[in-house]
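Residue numbers (full-length UniProt numbering): 1 to 500. Beta carbons are placed, not taken as given, at the ideal position from N, Cα and C, and that holds for glycine. Keep in mind the model is a prediction, meaning the values are calculated, not measured.
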């Protein structure tokens, strides 16, 4: 049966027109009335960088996340959490759920996702935030504007798996909000210097948190009893599918206890989807995620006996999909980190050739051309170099020439690629060049505050997953910040997976 709304959503997408991408925004969306109009954090602040020091400490002195996670899980099970980390919401055979990744900046780009999410999420049983619930450092005192307020009107429970930024608070805020866990009692670290430098969970202002919780206090929004979240990793059970969420910590390594649990859960005969804080394929690169006791998460996903049909990761702030053939089946490896944080470029992804995936089978959002045009406008404005600016049509042609295919979206009128356009593409990372301006993670962490990103198009996205006994359908919806895309969220990608 044809889903009429989904088919119309595809015709409204960035793959069809510039309007669908949000370039010709006629009216700003209603999200402006939802968001708090006060200054958020800045990456240029020494205080912000100091609060985020756990990334550096883990890289230089070893990552204690596994030991800390063990203490959180042990404490939860002593309080009566399910020993198998199971969540049992009573879903039956058929249900839908939402997935958002890397949400919590608390600014316009996060709130721009909300109206379309509520519209496209009607009838879903629950939502999952996959990675980095709260920026910059996961504090439990910042969940009001970055979690409870934006999702106050979503009528169902929300679960989460932590990202590296949630670990910058030692997972204290995450565990308090999602698992109702009390603070860990201090214990000496096995490494003295690391113990001194490692940022411990920030004390939670319980009065402030209680006020924030009132925004999502409806009975249908609560996950209690068998449906409660037991810890930072878990499995949501249904008759047709298991949804397995893993905590990759800061350094993308799974501790022994979690690895043993993952192997045990994976032996269940039902089909499965993996949700992870770090994607396994991203930017045309394979990142399989190590297990502390040997092997990788991807080894478990690829084992045909485990019946994984997809692996979806956050951390990277855009959408990518790699259909990887493993033996006689195809596993869909998805990046879904466009739920609210600053956009990571897609125009820097070269022609896709990883794991046998062909360029024509690869999907990304934003399109490479839109990504290049977006960054060209920002740098042209901030550096006062108008020649850097590329129209969406120009950027689409430039990136298509480099990748070696025709532009994904039909280009309006002839475009002649000039020397100026080639130099702009080189400087912005779309073409190989020894020197380029920062357009990816360095830009996000240190330069994004120099630019005003509170205006469309935002190129944010979220997923709706539909489960039946026979199929899993994954749809990627766009959020541009324009009213037209709030009213009818565009469908940027769709894949139907057999569960037989």
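The Cβ-Cβ distance between residue 262 and residue 285 does not fall below 8 Å.
Taking C-alpha positions only, residue 158 is separated from residue 490 by approximately 23 Å.
By the neighbour-count criterion, in which 16 or more other beta carbons inside 10 Å mark a residue as buried, residue 272 falls on the buried side.
With respect to residue 338, residue 317 sits close: the two C-beta atoms are nearer than 8 Å. Judged by DSSP in its simplified three-state form, residue 326 adopts strand. Per DSSP, the continuous beta strand (DSSP E) segment holding residue 272 begins and ends at 272-276. When the five nearest sequence neighbours on each side are left out, the beta carbons in the same chain lying within less than 7 Å of the beta carbon of residue 213 are those of 148, in order along the chain. By the neighbour-count criterion, in which 16 or more other beta carbons inside 10 Å mark a residue as buried, residue 470 falls on the exposed side. Remark: three or more beta-carbon pairs, one from each stretch, lie closer than 8 Å, so the region 421-436 and the region 356-372 are flagged as touching. Annotated as proximal: residue 145 and residue 36, with beta-carbon spacing under 8 Å. Its Cα nearest to that of residue 385, the residue 437 stands out among 364, 344, 402 and 437.
Between residue 15 and the set 124, 365 and 235, the nearest pair of CA atoms involves 365. One Cα belongs to residue 222, the other to residue 216, and the distance between them is close to 8 Å. A buried status is given to residue 142, since no fewer than 16 other beta-carbon atoms sit within 10 Å of its beta-carbon. When DSSP assignments are scanned along the region 311-377, the uninterrupted stretches of beta strand (DSSP E) that are 3 or more residues long and fall wholly within it turn out to be 319-326, 329-336 and 363-365. Under DSSP, residue 245 shares a beta bridge with 234 and 275. Under the three-state reduction of DSSP output, residue 298 falls in the helix class. With respect to residue 463, residue 309 sits apart: the two C-beta atoms are not nearer than 8 Å. Collapsing the DSSP output to three states places residue 379 in a helix.
Counting along the chain, no alpha helix (DSSP H) covers residue 98; the unbroken beta strand (DSSP E) around it starts and ends at 95-100.
For residue 159, the enclosing beta strand (DSSP E) covers residues 158-161. Contact fails between the region 353-361 and the region 113-124, because fewer than three Cβ pairs, one in each stretch, are under 8 Å apart. Residue 335 and residue 187 have their C-alpha atoms spaced approximately 36 Å apart. The C-beta separation of residue 75 from residue 184 comes to about 7 Å, placing the pair in contact by the 8 Å criterion. Exposed is the label assigned to residue 405, since fewer than 16 other Cβ atoms lie within 10 Å of its Cβ.
Under the 10 Å beta carbon count, residue 486 is surrounded by 16 or more other beta carbons and is classified as buried. If you draw a straight line from the Cα of residue 320 to the Cα of residue 73, it is about 32 Å long. Straight through space, the alpha carbons of residue 351 and residue 419 are spaced by roughly 22 Å.
Leaving aside the five residues that flank residue 129 on each side, the residues in its chain whose CB is nearer than 6 Å to its CB run, in chain order, 100, 103 and 160. DSSP, reduced to helix, strand and coil, places residue 145 within a helical segment of the structure shown. Taking every protein chain shown into account, the CB of residue 496 has fewer than 16 other CB atoms within 10 angstroms, so this residue is exposed. Judged by DSSP secondary structure, residue 179 falls outside any beta strand (DSSP E) and instead within the alpha helix (DSSP H) spanning 172-179. Unbroken beta strand (DSSP E) runs of no fewer than 3 residues, entirely contained in the region 6-63, are not found. Within the same chain, Cβ atoms closer than 6 Å to the Cβ of residue 322 are found at 281, 333 and 357, the five residues on either side in sequence being excluded. Contact annotation: residue 236 and residue 297 have beta-carbon atoms that are not nearer than 8 Å. According to the DSSP secondary-structure assignment, residue 498 is paired through a beta bridge with 471.
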